[in-house]
Ligand code: MN
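Residue numbers (my numbering): 243 to 514.
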């Protein structure tokens, strides 16, 4: 059994040859690592694991990419030395014992302190993959408890708004003074409901929105959405790459306009 889940035993020793050669770097190439079903006694639903790092010798860190089909989740459990989860695909759920069910999305990072009872898994209507980084103590990475019941799992999480900012909402900022009801609709329907739908990550929503605004040559709306795209995890280089790509589909003048807007937005970042 792999060390993400072991509840006892000794960590795997490093091969003698590797030690004799004096710790060389080890690269395992993408697609070359085995993907196995997660142990059924600790999970509900379909879960697979690709081990990324197996500790050897004095090492403690283990890392695995864990993929949950919709509805799948771990049992309740805790970790002797804590755990860090990095969501790399889809939409998931996580709950600390006694706390609310919370939604997690691509790019979110969750740290679980040592000895904290919790579970994690996919949303009911979306798969989820996270990288789990867990330190192994005396051969144990997790202490496993009872399954998460359907009633516990089905508790609705608080919606995650597109922007967690406490500043006035987007709609209120843009036209709350002159068109308050339009501002309210913009906030509640566009940013509250459409942007919060789990079918696409916030990053992907930003990328397609920016692409549409570039193609339609809408610099006023593009300005705000470039900043939102940065907040949703798109780098400046990726936004320029998208613009370069679009020059061939949307036309050179649209791309030139977009580059000008991007220059202003990126320059404003530098001043902050
Ligand atoms: Mn955990």
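Just so it is clear, CB atoms sit at the ideal spot from N, CA and C, and this is done for glycine as well.
Looking only at its chain, what residues have a beta carbon closer than 7 Å to the beta carbon of residue 445, apart from the 5 residues adjacent to it on each side? Sequence index remark: in the chain shown, residue 445 carries index 203 (1-based). Correct list, in chain order: 348, 349, 474, 475, 476.
Between residue 324 and residue 306, what straight-line distance do the alpha-carbon atoms span, to the nearest angstrom? Locating residue 324 in the chain shown gives position 82, counting from the first residue. Locating residue 306 in the chain shown gives position 64, counting from the first residue. Straight-line Cα distance between these residues: approximately 15 Å.
Does the distance between the C-beta of residue 394 and the nearest non-hydrogen atom of ligand 1 fall short of 6 Å? Counted from its first residue, the chain shown places residue 394 at position 152. It does not: the Cβ of residue 394 is nowhere closer than 6 Å to a heavy atom of ligand 1.
Along the chain, where does the beta strand (DSSP E) containing residue 393 start, and where does it finish? The residue labelled residue 393 in the question sits at position 151 within the chain shown. Segment 392 to 395 is the alpha helix (DSSP H) holding residue 393; no beta strand (DSSP E) there.
Got a sec: does ligand 1 put a non-hydrogen atom nearer than 6 Å to the Cβ of residue 435? By one-based count along the chain shown, residue 435 stands at place 193. Answer for residue 435: no, Cβ out of range of ligand 1.
Could you give the uninterrupted runs of the alpha helix (DSSP H) lying entirely in the stretch 415 to 503, keeping only those of 4 residues or more? 422 to 427, 444 to 457, 461 to 473, 478 to 492
When the distance is taken between beta carbons, is residue 418 closer than 7 Å to residue 425? For this step, residue 425 is matched to residue 183 along the chain shown. For this step, residue 418 is matched to residue 176 along the chain shown. Cβ distance < 7 Å, so residue 425 and residue 418 count as in contact.
For residue 490, is the classification buried or exposed, using 16 other Cβ atoms within 10 angstroms of its Cβ as the cut-off for buried? Taking the first residue of the chain shown as position 1, residue 490 is located at position 248. Under this definition residue 490 is an exposed residue.
Counting beta carbon pairs with one atom in the stretch 353 to 365 and one in the stretch 323 to 339, are three or more of them shorter than 8 Å? yes
Length-filtered (3 minimum) beta strand (DSSP E) runs lying within the stretch 282 to 331: 289 to 295, 303 to 310
Residue range of the unbroken beta strand (DSSP E) whose run includes residue 369: As a working note, residue 369 is residue 127 in the chain shown. Element bounds for residue 369: n/a, residue is neither H nor E.
Give me, in chain order, the residues of the same chain whose beta-carbon lies closer than 7 Å to that of residue 453; leave out the 5 immediate sequence neighbours on both sides. Indexing the chain shown from 1 puts residue 453 at position 211. Once the five neighbours on either side are set aside, the close Cβ partners of residue 453 are 484, 488.
State the DSSP-derived secondary structure class of residue 347, mapped to helix, strand or coil. The residue given as residue 347 occupies position 105 in the chain shown. Three-state DSSP puts residue 347 in a strand.
Environment of residue 407 [buried if 16+ CB atoms lie within 10 Å]: Looking up residue 407 in the chain shown gives position 165. Unreliable positioning characterises residue 407 in this predicted model, as indicated by a pLDDT of 43, which lies under 50. The coordinate reading is nonetheless provided below. By the 10 Å Cβ count, residue 407 comes out exposed.
What's the C-alpha gap between residue 250 and residue 372? Taking the chain shown and counting its residues from 1, the one referred to as residue 250 is at position 8. Taking the chain shown and counting its residues from 1, the one referred to as residue 372 is at position 130. Its pLDDT being 47, under 50, residue 250 is placed unreliably by the model, and nothing is read from it.
Could you tell me the alpha carbon to alpha carbon distance between residue 396 and residue 366, rounded to whole angstroms? Reading the chain shown from its first residue, position 154 is the one you call residue 396. Reading the chain shown from its first residue, position 124 is the one you call residue 366. Computed Cα separation, rounded: 8 Å.
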